[in-house]
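Undergrad: I am attaching a structure below and will ask some questions about it afterwards.
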Amino acid sequence: MFGYIHPLKPEMKVKDYEKFRAYYCGVCHSISKRTGQSARLALTYDACFYAIFLDALYMDSETSFETFRCIRHPVNKRPMAVNSSCTDYAADVNVILAWYNLMDKYIDGDRAKAKTAMTVMKRGFERCRKRYSKLCDQVSKRLDDLHHLEQEKSTNIDLVSETFADIIKNIACPDFLNLTEQSKEAVQWLGYNLGKWLYLIDAFDDLEQDVEKKQYNPFLTRYGYNPDLSNMEEFKKEIRPQAEFILVNCLDQITKAYGLIDVTRNQEIIENIIYMGMLNKTDQVLQGVKKNNEKSV
Numbered sequence: 039m040f041g042y043i044h045p046l047k048p049e050m051k052v053k054d055y056e057k058f059r060a061y062y063c064g065v066c067h068s069i070s071k072r073t074g075q076s077a078r079l080a081l082t083y084d085a086c087f088y089a090i091f092l093d094a095l096y097m098d099s100e101t102s103f104e105t106f107r108c109i110r111h112p113v114n115k116r117p118m119a120v121n122s123s124c125t126d127y128a129a130d131v132n133v134i135l136a137w138y139n140l141m142d143k144y145i146d147g148d149r150a151k152a153k154t155a156m157t158v159m160k161r162g163f164e165r166c167r168k169r170y171s172k173l174c175d176q177v178s179k180r181l182d183d184l185h186h187l188e189q190e191k192s193t194n195i196d197l198v199s200e201t202f203a204d205i206i207k208n209i210a211c212p213d214f215l216n217l218t219e220q221s222k223e224a225v226q227w228l229g230y231n232l233g234k235w236l237y238l239i240d241a242f243d244d245l246e247q248d249v250e251k252k253q254y255n256p257f258l259t260r261y262g263y264n265p266d267l268s269n270m271e272e273f274k275k276e277i278r279p280q281a282e283f284i285l286v287n288c289l290d291q292i293t294k295a296y297g298l299i300d301v302t303r304n305q306e307i308i309e310n311i312i313y314m315g316m317l318n319k320t321d322q323v324l325q326g327v328k329k330n331n332e333k334s335v
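Quick note: the sequence shown uses this note's numbering, first residue 39, plus one each step.
Set out below in structure tokens:
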């Protein structure tokens with residue numbers, strides 16, 4: 039359910055892309071430092087965006103940038119965001135969500151792969167759980183609610199997607215940001231719509247896979263896919279306008295919420311992702327350009 043939040047690189051200035059990459063490396067380093075090397079395998083661009091976004095909100099940010107060499111890129115030194123509460127929090131959230139995503143896959147029947155990955159990540163997740171037990175309980179509760187809706191084969195797309203949206207809303211505004219109530223509400227509304235967008239773009243992207251594995255998908259139940267009456271390409275073409283309307287509306291709400299938030303840095307990177315990167319990803323998924331396993335930055 040992760041990996042959809044990307045910048046549109048051709049529209050980025052070189053300095054902004056270098057800074058984006060520095061945050062990515064910072065989150066990767068934070069994961070290693072706080073939860074162990076194995077949990078790095080779960081790192082996504084989503085967590086990088088989250089760190090950049092949080093740091094833009096944090097008035098007392100202590101983030102600095104240093105050059106370093108890493109195992110993956112040993113030849114040239116690269117900049118990395120360090121001494122950052124934002125990269126640390128984004129790293130922990132990435133591990134928490136990755137863990138519960140693996141649990142969801144285990145429940146859905148992909149047990150061998152999920153169990154292997156959970157064995158590798160267990161120690162790192164337990165460290166995060168000690169730091170954020172309340173948050174983990176909230177995520178677990180809402181995922182249980184989501185699982186029940188999926189078991190019931192709910193046809194209510196809004197209800198199902200909003201259940202996941204609540205999870206992202208709950209993680210969107212950590213206390214250390216110390217925001218005003220108005221800013222906090224705007225950040226949570228942005229997180230809520232981001233979560234809804236993530237759930238639904240993943241659902242549309244996984245239509246063929248969910249039919250093949252006989253797994254729940256809100257678009258399949260809502261619009262009554264019947265393989266005896268139409269093939270998948272015809273079905274996707276038929277429901278594409280409805281899916282596009284919902285997804286673009288989520289992006290519109292994200293944009294409006296962002297307009298209510300005062301950011302202190304990283305504005306050009308954030309706006310590239312929100313205004314262009316996520317819209318481009320929406321178009322790609324709706325047109326059938328499958329998510330590939332993109333390399334790290």
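Beta carbons are placed, not taken as given, at the ideal position from N, Cα and C, and that holds for glycine.
For Pro212, which three-state DSSP category applies?
TA: Taking the first residue of the sequence shown as position 1, residue 212 is located at position 174. Coil at Pro212, not helix or strand.
Undergrad: Which of helix, strand or coil does DSSP assign to Glu104?
TA: Sequence index remark: in the sequence shown, residue 104 carries index 66 (1-based). Looking at Glu104 - three-state DSSP - the assignment turns out to be strand.
Undergrad: Just the Cα atoms here: how many angstroms apart are Leu187 and Asp204?
TA: Taking the sequence shown and counting its residues from 1, the one referred to as residue 187 is at position 149. Taking the sequence shown and counting its residues from 1, the one referred to as residue 204 is at position 166. Distance between the alpha carbons of Leu187 and Asp204 is about 15 Å.
Undergrad: Smallest Cα separation from Leu135: which of Gln220, Glu272, Asn208 and Glu306?
TA: Numbered from its first residue, the sequence shown carries residue 135 at position 97. That would be Asn208, whose Cα lies nearest to the Cα of Leu135.
Undergrad: Report the residue ranges of all alpha helix (DSSP H) runs contained in full by the segment 285-327; include only those spanning at least 4 residues, in chain order.
TA: Within the segment 285-327, the complete alpha helix (DSSP H) runs of at least 4 residues are 305-309 and 316-324.
Undergrad: Going by beta-carbon coordinates alone, are Ile43 and Tyr83 separated by less than 8 Å?
TA: Residue mapping note: residue 43 aligns to position 5 of the sequence shown, counting from 1. Residue mapping note: residue 83 aligns to position 45 of the sequence shown, counting from 1. Taking 8 Å as the Cβ cut-off, Ile43 and Tyr83 qualify as a contacting pair.
Undergrad: State the beta-bridge partners of Val120 as determined by DSSP.
TA: As a first step, residue 120 must be located in the sequence shown, where it is residue number 82. In DSSP, Val120 forms a bridge with Ser102.
Undergrad: Look at the alpha carbon of Ala128 and the alpha carbon of Ser268, and state the distance between them as a whole number of angstroms.
TA: As a working note, residue 128 is residue 90 in the sequence shown. As a working note, residue 268 is residue 230 in the sequence shown. Near 43 Å, if we compare the C-alpha coordinates of Ser268 and Ala128.
Undergrad: Within 10 angstroms of the Cβ of Cys67, are there 16 or more other Cβ atoms? Answer buried if so, exposed if not.
TA: Locating residue 67 in the sequence shown gives position 29, counting from the first residue. One detail in the question is off: residue 67 reads as His in this sequence, not Cys. Buried: at least 16 other Cβ atoms inside 10 Å.
Undergrad: Quick check: the Cα distance between Asp98 and Phe106, rounded to an integer number of angstroms?
TA: In the sequence shown, the residue the question calls residue 98 occupies position 60. In the sequence shown, the residue the question calls residue 106 occupies position 68. Asp98 and Phe106: Cα-Cα distance of roughly 25 Å.
Undergrad: Please check the pair Asn255 and Asp266, which I expect to be a contact at CB under 8 Å, by giving their CB distance rounded to whole angstroms.
TA: Taking the sequence shown and counting its residues from 1, the one referred to as residue 255 is at position 217. Taking the sequence shown and counting its residues from 1, the one referred to as residue 266 is at position 228. Not confirmed; about 18 Å, so no contact.
Undergrad: Assuming His186 is part of the alpha helix (DSSP H), what are its boundary residues?
TA: Here residue 186 refers to the residue found at position 148 of the sequence shown. Unbroken alpha helix (DSSP H) run through His186: Ser171 to Gln189.
Undergrad: Mind the definition here: the segment 291-298 touches the segment 215-226 only if three or more C-beta pairs lie below 8 Å; say whether that holds.
TA: These segments touch.
Undergrad: Going by the CB atoms, is the gap between Asn231 and Cys166 shorter than 8 Å?
TA: Within the sequence shown, the letter at position 128 stands for residue 166. Within the sequence shown, the letter at position 193 stands for residue 231. Not in contact: Cys166 and Asn231 (Cβ atoms no closer than 8 Å).
Undergrad: Which same chain residues end up closer than 6 Å to Ile311 when comparing Cβ atoms and leaving out the 5 residues on each side of it in sequence?
TA: As a position in the sequence shown, residue 311 is number 273, starting the count at 1. Hits under 6 Å: Pro45 and Phe87.
Undergrad: If you measure between the beta carbons of Ile69 and Ala77, is that distance less than 8 Å?
TA: Here residue 69 corresponds to residue number 31 of the sequence shown, with the count starting at 1. Here residue 77 corresponds to residue number 39 of the sequence shown, with the count starting at 1. Contact flag set, yes.
Undergrad: Could you tell me the alpha carbon to alpha carbon distance between Gly64 and Glu272, rounded to whole angstroms?
TA: Position 26 of the sequence shown, counted from the first residue, corresponds to residue 64. Position 234 of the sequence shown, counted from the first residue, corresponds to residue 272. The alpha-carbon atoms of Gly64 and Glu272 are separated by roughly 44 Å.
Undergrad: Could you round the C-beta distance between Asn132 and Ala80 to whole angstroms and report it? I think they count as a contact, below 8 Å.
TA: Here residue 132 is taken as the residue at index 94 of the sequence shown, counted from 1. Here residue 80 is taken as the residue at index 42 of the sequence shown, counted from 1. That belief holds up - the Cβ atoms of Asn132 and Ala80 are roughly 6 Å apart, short of 8 Å.
Undergrad: For the alpha helix (DSSP H) holding Thr259, just list the boundary residues, first then last.
TA: The residue given as residue 259 occupies position 221 in the sequence shown. Looking at the DSSP string, the run of the alpha helix (DSSP H) that includes Thr259 is Pro256 to Arg260.
Undergrad: Would Gly233 and Phe202 qualify as a contact pair, given that the criterion is a beta-carbon distance under 8 Å?
TA: On the sequence shown, position 195 is the one that residue 233 refers to. On the sequence shown, position 164 is the one that residue 202 refers to. Contact flag set, yes.
Undergrad: Below 8 Å, can you find three or more Cβ-Cβ pairs linking the segment 311-323 to the segment 44-62?
TA: Yes: the two stretches touch, three or more of their Cβ pairs being nearer than 8 Å.
Undergrad: Is the CB-CB distance between Tyr144 and Ser178 below 8 Å?
TA: Taking the sequence shown and counting its residues from 1, the one referred to as residue 144 is at position 106. Taking the sequence shown and counting its residues from 1, the one referred to as residue 178 is at position 140. No; because the gap between Cβ atoms is not below 8 Å, this pair is not in contact.
Undergrad: Using three-state DSSP, classify Val97 as helix, strand or coil.
TA: Position 59 of the sequence shown holds residue 97. For clarity, residue 97 is Met in the given sequence; the question names Val instead. Coil, per DSSP.
Undergrad: Got a sec, what are the start and stop residues for the alpha helix (DSSP H) Asn269 sits in?
TA: Mapped onto the sequence shown, residue 269 falls at position 231. Careful: Asn269 lies outside any alpha helix (DSSP H) and carries neither H nor E.
Undergrad: Apart from the five residues on each side of it in sequence, which residues of its chain come closer than 6 Å, Cβ to Cβ, to Met39?
TA: Residue mapping note: residue 39 aligns to position 1 of the sequence shown, counting from 1. In this prediction, Met39 has a pLDDT of 49, which is less than 50 and means its spatial position is unreliable; what the coordinates show is noted afterwards. Within the same chain, Met39 has close Cβ partners Asn139 and Asp240.
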